[in-house]
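Inspection log for the structure reproduced underneath, given as structure tokens.
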Amino acid sequence: MEASFILLMRWLYKQPEFTPEMLDDKEVKRFIRSHAGILDKAVDYTLHKRSMDEISMQRLKESNYVFSGFKTFHELNEAFPSLLDTDGSRKPFERFLNDVQKVNETYNRWYLKAEYNFAMSSAAMAARWKQWWDDEDRNRYLLQYRTVGDKRVREAHRALHNVTLPITSKFWDEYFPPNGWNCRCTAIRVRRDKYPESDEHRAMLAGSQATAGKHQEMMRFNPGKQMACFPFYNPYTISRCKDCPDKPGMLKLTKIPDNELCAACKVIREMLREKDELRKLRNEVKEKAQFLKKRVLRNEQFGMDIHVSGTNIKEWLNQPHKWIVEKNRMLLDIEKVIAEAPYLGCGPDKHDPDITMHLFEVTLHGEKSWIIVRELLDGSAKLHSISDSEDILQYLTKRRE
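So the sequence shown is numbered by full-length UniProt numbering: it starts at 1 and just counts up by one.
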């Protein structure tokens with residue numbers, strides 16, 4: 001996250017103010033994606049050997065994205081005042097960057113480590129919950145709370161050890177593990193005829209005591225029922241967020257419209273909606289573009305046959321771009337696009353100088369972009385990607401005359 005944080009601070013340094021609406025800026029969204037991507041890796045690592053449907057997996061990752069959006073909002077709010085010196089003048093960038101390192105250290109090292117662990121635990125327990133809930137014979141079993149049982153177990157959590165209740169008990173709505181940062185508690189399924197059922201009222205009281213306090217109450221959620229890695233009420237939101245309807249097209253602000261956190265929420269949810277639509281489009285284009293693997297692309301100025309593999313399709317769709325929707329759709333018409341695009345020339349590939357990069361110029365929304373074709377060591381040419389940055393032109397060492 002170090003490089004991503006520096007880029008974010010370079011962006012912030014240029015801003016005269018910071019408002020919630022600015023979360024929708026390209027550079028901020030890139031940082032949010034980077035942070036969410038780390039949490040998504042926690043989900044992938046946890047579930048790679050577990051069976052979970054794609055929709056549930058996607059909901060866990062949507063939770064990571066929303067959580068990352070709120071966290072980024074807090075980081076920017078905390079860093080922005082450091083732009084100015086005591087006399088009100090703007091600091092040199094290097095001094096500003098040095099002054100906000102504490103923000104980076106706190107949010108993107110210490111907090112992120114605990115958040116990564118929490119995402120792993122939540123994903124594991126969400127998968128377990130869904131498996132148990134979907135079991136037609138679930139009424140034959142009870143769920144039992146278990147601690148690790150060592151000296152590191154918190155006393156409050158120790159009181160929940162061996163609480164045994166049906167999966168339908170309201171106890172599990174709020175106290176299904178994890179119940180705190182770096183909580184190692186779990187739940188197992190036991191035969192109903194093998195274990196006595198606990199008193200639900202006493203269990204609820206013990207759960208309330210285990211999660212008492214401002215920073216613990218927010219952990220009262222069930223990652224499996226909500227299918228989320230993080231509760232709606234977390235360190236970057238407010239308690240009333242958990243009561244805010246979270247349904248597509250029915251977002252209601254928990255407080256007055258000019259509340260900054262609620263305004264940020266509105267922006268983040270809209271960004272999530274756009275991200276979901278983009279994911280669906282990406283999958284649609286990926287499926288439709290498979291025909292390209294049997295085609296050969298040609299450009300008279302270039303003179304070589306250009307081939308397309310499944311990896312090339314994936315690389316194209318994964319490439320960030322200002323006009324990402326149009327860029328993805330362009331792939332379906334790439335034969336015509338390549339045929340008509342001016343060939344600019346070639347140079348060493350910026351990622352591998354042993355590979356030759358060829359550039360073709362295209363226009364999207366009146367702005368130039370450059371299609372990248374890579375000439376491999378075996379002499380074959382492969383469609384690679386597309387860039388909207390003029391910086392790519394600096395790698396041209398031989399221009400077409």
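Where is the CB? At the ideal position from N, CA and C, for every residue including glycine.
With 16 as the cutoff for other CB atoms within 10 Å, does residue i come out buried or exposed?
i: Val163; result: buried
i: Glu277; result: exposed
i: Pro231; result: buried
i: Leu205; result: exposed
i: Lys130; result: buried
i: Thr237; result: buried
i: Ser239; result: exposed
i: Pro257; result: Its pLDDT being 45, under 50, Pro257 is placed unreliably by the model, and nothing is read from it.
i: Thr147; result: buried
i: Trp370; result: buried
i: Gln394; result: exposed
i: Arg109; result: exposed
i: Phe96; result: buried
i: Gln15; result: exposed
i: His384; result: buried
i: Asn328; result: buried
i: Ala263; result: buried
i: Pro342; result: exposed
i: Ser198; result: buried
i: Gly310; result: exposed
i: Phe291; result: exposed
i: Ser89; result: exposed
i: Asn182; result: exposed
Alpha carbon to alpha carbon, what distance is there between residue j and residue i?
i: residue 468; j: His307; result: No answer is possible for residue 468: it lies beyond the span of the chain, which begins at 1 and ends at 401.
i: Cys346; j: Lys398; result: 5 Å
i: Pro248; j: Phe302; result: With a pLDDT of 37 at Pro248, under the threshold of 50, the modelled position of this residue cannot be trusted; read the value that follows with caution. Each residue's Cα considered, the two are about 48 Å apart.
i: Asp99; j: Ser82; result: 7 Å
i: Asp25; j: Glu390; result: 20 Å
i: Met271; j: Asp378; result: 43 Å
i: Met1; j: Tyr107; result: 10 Å
i: Ile338; j: Ala381; result: 13 Å
i: Val66; j: Asn283; result: 22 Å
i: Glu401; j: Pro235; result: 59 Å
i: Pro320; j: Ile167; result: 43 Å
i: Ser121; j: Pro178; result: 6 Å
i: Glu200; j: Ala126; result: 22 Å
i: Leu84; j: Arg220; result: 40 Å
i: Arg50; j: Met57; result: 11 Å
i: Met357; j: Ile372; result: 7 Å
i: Leu344; j: Arg273; result: 38 Å
i: Lys242; j: Ala114; result: 21 Å
i: Phe176; j: Gly224; result: 9 Å
i: Arg158; j: Gly149; result: 8 Å
i: Lys29; j: Glu367; result: 21 Å
i: Leu160; j: Ser4; result: 41 Å
i: Ser387; j: Tyr233; result: 39 Å
i: Ala7; j: Asn318; result: Note that residue 7 is Leu in the sequence shown, not Ala. Near 20 Å, if we compare the C-alpha coordinates of Asn318 and Leu7.
i: Ala289; j: Trp132; result: 39 Å
So, at 8 Å on beta carbons, what are the nonlocal neighbours of residue i in its own chain, with the 5 sequence-adjacent residues on each side left out?
i: Leu251; result: With a pLDDT of 45 at Leu251, under the threshold of 50, the modelled position of this residue cannot be trusted, and the question is left open.
i: Phe18; result: Leu12, Leu76, Asn77, Phe80
i: Arg152; result: Arg184
What are the residues that DSSP puts in a beta bridge with residue i?
i: Gly345; result: Leu359, Arg399
i: Lys382; result: His307, Arg374
i: Lys368; result: Thr363
i: Leu297; result: Ile306
i: Ser387; result: Trp370
i: Val190; result: Leu142
i: Leu84; result: Arg90
In its own chain, which residues sit with a C-beta less than 6 Å from the C-beta of residue i, not counting the 5 before and 5 after it?
i: Ile32; result: Ser68, Gly69, Thr72
i: Asn64; result: Ala36, Leu39, Asp40, Cys229
i: Ala124; result: Thr46
i: Met304; result: Ala381
i: Leu364; result: Trp323, Glu326
i: Asn312; result: Lys382, Leu383
i: Lys91; result: Asp85
With a cut-off of 8 Å, does the C-beta of residue i fall near any C-beta of chain C?
i: Ile355; result: Among the chains of the structure shown, chain C does not appear; only one protein chain is present.
Taking 7 Å as the cut-off, does the CB of residue i come closer than this to any heavy atom belonging to the ligand SAM?
i: Tyr13; result: The ligand SAM is not part of the structure shown, which contains no ligands of any sort.
Once you ignore the five residues that flank residue i on each side, which residues in its own chain have a CB closer than 7 Å to its CB?
i: Ala203; result: Val163, Leu165, Phe171
i: Asn139; result: none
i: Leu60; result: Val43, Ala123, Ala126, Met227, Ala228, Cys229
i: residue 402; result: In the structure displayed, the chain extends from 1 to 401; residue 402 sits before or after that span and is not available.
Ordered list of alpha helix (DSSP H) runs contained in the stretch 106 to 166, each at least 4 residues: The alpha helix (DSSP H) runs lying completely inside the stretch 106 to 166 and spanning 4 residues or more are 112 to 134, 155 to 158, given in chain order.
In chain order, each beta strand (DSSP E) run of at least 3 residues that lies wholly inside the stretch 36 to 90: none
Complete alpha helix (DSSP H) runs within the stretch 170 to 243 (minimum length 4 residues, chain order): Within the stretch 170 to 243, the complete alpha helix (DSSP H) runs of at least 4 residues are 171 to 175, 200 to 210, 214 to 217, 223 to 226.
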